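Residue numbers (our numbering): 24 to 486. Each remark here refers to the structure printed beneath this line.
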Amino acid sequence: MRLVVIGVNHKTAPVALRERLALVGDDVNVALEQIESFTDGSVIVSTCNRTEIYALVPHTLTPHHSHASSSAVNEQTDHAISHNDFSSSAHVTSSMISAHILKIKTWLAEFKQLPLVDIDPYLYVHRDTHALTHWLRVAAGLDSMILGEPQILGQIKRSVHLAQEQKVLSNQLGWIVDQVFAAAKRVRNETQVGAQAVSLSFAAAKLVTQIFDDLPSRTLLVVAAGEMNRLVATHIAGLGVGRVIICNRNPERAEALAAELRSPNRRIDVRPLQDLPQVLADADIVSSCSGSMDLLIDKTMTMQALKRRRYQPMLMIDLAVPRDIDSTISRMDDVYLYSVDDLQHVIAGNIEQRRQAAVDAELLVSQLVVEIDRRFQVRQVGKDIQQYRTCTQNQVDKLLHESIAKLQQEDISPEDILIELSRRLTQTLTHAPSKLMRKAAREGDSDLLDFVVSGLQDAHRGR
24 MRLVVIGVNH KTAPVALRER LALVGDDVNV ALEQIESFTD GSVIVSTCNR TEIYALVPHT
84 LTPHHSHASS SAVNEQTDHA ISHNDFSSSA HVTSSMISAH ILKIKTWLAE FKQLPLVDID
144 PYLYVHRDTH ALTHWLRVAA GLDSMILGEP QILGQIKRSV HLAQEQKVLS NQLGWIVDQV
204 FAAAKRVRNE TQVGAQAVSL SFAAAKLVTQ IFDDLPSRTL LVVAAGEMNR LVATHIAGLG
264 VGRVIICNRN PERAEALAAE LRSPNRRIDV RPLQDLPQVL ADADIVSSCS GSMDLLIDKT
324 MTMQALKRRR YQPMLMIDLA VPRDIDSTIS RMDDVYLYSV DDLQHVIAGN IEQRRQAAVD
384 AELLVSQLVV EIDRRFQVRQ VGKDIQQYRT CTQNQVDKLL HESIAKLQQE DISPEDILIE
444 LSRRLTQTLT HAPSKLMRKA AREGDSDLLD FVVSGLQDAH RGR
């Protein structure tokens, strides 16, 4: 398949080295341009957890060189076709792949201005179907720090898009990419590996979808604009809620979060923390994570808010330690209160479910890799057959032209010329399979020998 992957991830390299090997921004454009000179297409995937180079090893011999080689062989073998005339330009040896892997490693070290000896112990290398398996596992979230997370597939798609923009994605590598994306979609659709929430923010968003519908008409109240609440607000806002209220002591941080969440279909209000009792009644969903030592939402405040809401249900998510929301509120009708411990219990169970689902996902990946490899071989053999036919036709044309030239000589009879043409055509057409049979016999490969012999016999019988 000629596909190789070289990289580091959170399993093989510490964060300090991953930071130094990261390829982001303009680095990626320059890197893709440089790699193009010694690959048949490449994609660079660089995230906080991994930096990987996916590339196709190029053919060493160009069609021009192959043709020149075949001409030289013809002179020595009475115009018989050399086996290498068509196979050397279509297949790459293991040693050639190893040489190109070393070349990519050396390039990466030089590009990042690091000694190869320092980074080589942390680099992993996969080739052919092993590289395809790795790529599919990464795309399906099976190789992620958080098992089954969906973000990596989007990151790979952005990397592929960048390679397309740089015009370094060859047709063959593009075909492989399409197969990876389609297979990753099947893994996620046909298994439960990504079905359960395994982060606090994702779990919070999942609760929202289980309790509420018609999200554009719902209001999210974000109490405190710290990092955890930013993640939760981003996930919930991404579901399509129509209004977000941010209550925070620091107006600058609140405005920064508002800028992240703002969209044409969403209303954003920024209020000081002391306005919390007034805006609580507007909230269908409350996410609080302030770090305050005192309760911010007590039972009395909640009862007043419910009354003003005419007892429409509320979802309260308290991620703070110590708590921001009075725990006795959980006993009130029409209020669903989840603490950070509640969400952690949900996540723990979900992680175990994902681990069990990962077994099915890994089996499906193995099956899909076999299917993709088979389709690849079918595509490749079509090109090999075309190259073989072209080489054969070139030799036949040459022999025919030589025979026509001899017919113009009066001292040679047409019958002798036809007999000689027939002999040379027979040698030309039987040389490659004869060479393959001798090679199989010499190496003791009886299965290959039987396969070739029976195939040729069937061909002569017209089967």
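By construction, the Cβ of each residue, glycine as well, lies at the ideal position given by its N, Cα and C atoms. Predicted model, so just to flag it, every value in this text is computed and none were measured.
Proximity below 9 Å, CB of residue i to CB of residue j
i: D365; j: C312; result: no
i: Y145; j: A36; result: yes
i: I352; j: L360; result: yes
i: I127; j: I76; result: yes
i: L185; j: L223; result: no
i: F204; j: L176; result: yes
i: Q215; j: R377; result: yes
i: E283; j: T242; result: no
i: D349; j: L299; result: no
i: L280; j: A228; result: no
i: P345; j: M324; result: no
i: V264; j: P287; result: no
i: L329; j: V363; result: no
i: M337; j: V369; result: no
i: E213; j: L387; result: yes
i: I440; j: K429; result: yes
Residue from the options whose Cα sits closest to the Cα of residue i
i: G314; options: H368, R266, N252, K322; result: N252
i: P389; options: R209, P274, I291; result: Note on residue identity: the sequence assigns Ser, not Pro, to residue 389. Checked all of R209, P274, I291; the closest Cα to S389 is R209.
i: V191; options: S117, T413, I67, L230; result: I67
i: L296; options: A464, T325, I320, R285; result: I320
i: E275; options: A464, D151, V293, L391; result: V293
i: A380; options: V53, R211, L155; result: R211
i: I169; options: C71, T323, M355; result: C71
i: T152; options: A279, Q410, E394; result: E394
i: T415; options: T453, R398, I435, L387; result: T453
i: E375; options: D201, G171, I427; result: G171
i: D383; options: G217, D356, D473, N288; result: G217
i: D201; options: H424, K429, A162; result: A162
i: K322; options: D356, G48, E425; result: D356
i: D237; options: R150, R266, Q400; result: R266
i: D50; options: P173, Q189, A122; result: Q189
i: S60; options: A78, V47, A260; result: A78
i: R150; options: D396, V231, D470; result: D396
i: R25; options: Q432, M460, Q410, F399; result: F399
i: Q335; options: R354, Q432, F235; result: F235
Cβ shell of residue i (< 8 Å), same chain only, five flanking positions each side left out
i: R43; result: K135, L137
i: L422; result: H102, L444, R447, L448, T451
i: F225; result: H258
i: L40; result: V31, I142, Y145
Spatial neighbours of residue i in its chain, beta-carbon cut-off 7 Å, leaving aside the 5 residues before and after
i: A91; result: Residue placement at A91 is poorly supported in this model, since its pLDDT is 35, which falls under 50; the coordinates are not used for a value here.
i: I124; result: V27, I29, V148
i: G478; result: none
i: P456; result: V475, L479
i: S182; result: V66, I67, V68
i: V392; result: T152, L155, T156, L159
i: N52; result: Q189
Chain-order list of residues whose beta-carbon lies under 6 Å from that of residue i (same chain, five-residue window excluded)
i: R332; result: A304
i: A277; result: A248, I269, N271, V293
i: Q301; result: none
i: V38; result: none
Burial state of residue i, where buried means 16 or more other Cβ atoms lie within 10 Å
i: M339; result: buried
i: N32; result: buried
i: R465; result: exposed
i: N373; result: buried
i: S89; result: Bear in mind that a pLDDT of 36 at S89, under 50, signals an unreliable position, so the number given afterwards is only what the model happens to contain. Its Cβ being crowded by 16 or more others within 10 Å, S89 is buried.
i: T129; result: exposed
i: R290; result: exposed
i: L495; result: With the chain running from 24 to 486 in the structure shown, residue 495 is simply not present.
i: I104; result: Only weak support is given to the placement of I104: the predicted model assigns it a pLDDT of 40, under 50, and the question is left unresolved by the model.
i: D307; result: buried
i: M326; result: exposed
i: R73; result: buried
i: V404; result: exposed
i: S436; result: exposed
i: Q418; result: buried
i: V47; result: exposed
i: S469; result: exposed
i: A482; result: exposed
CB contact check: residue i to chain C, cutoff 9 Å
i: C71; result: Judged by its chain identifiers, the structure shown contains no chain C, having just a single protein chain.
* To do: State whether the segment 268-276 contacts the segment 242-256, with contact taken as three or more CB pairs (one from each stretch) at a distance under 8 Å.
  => yes
* Three or more C-beta pairs below 8 Å linking the segment 63-77 and the segment 186-200 -> yes
* To do: Please confirm if the segment 51-60 is in contact with the segment 156-168, defined as three or more CB-CB distances below 8 Å between the two stretches.
  => no
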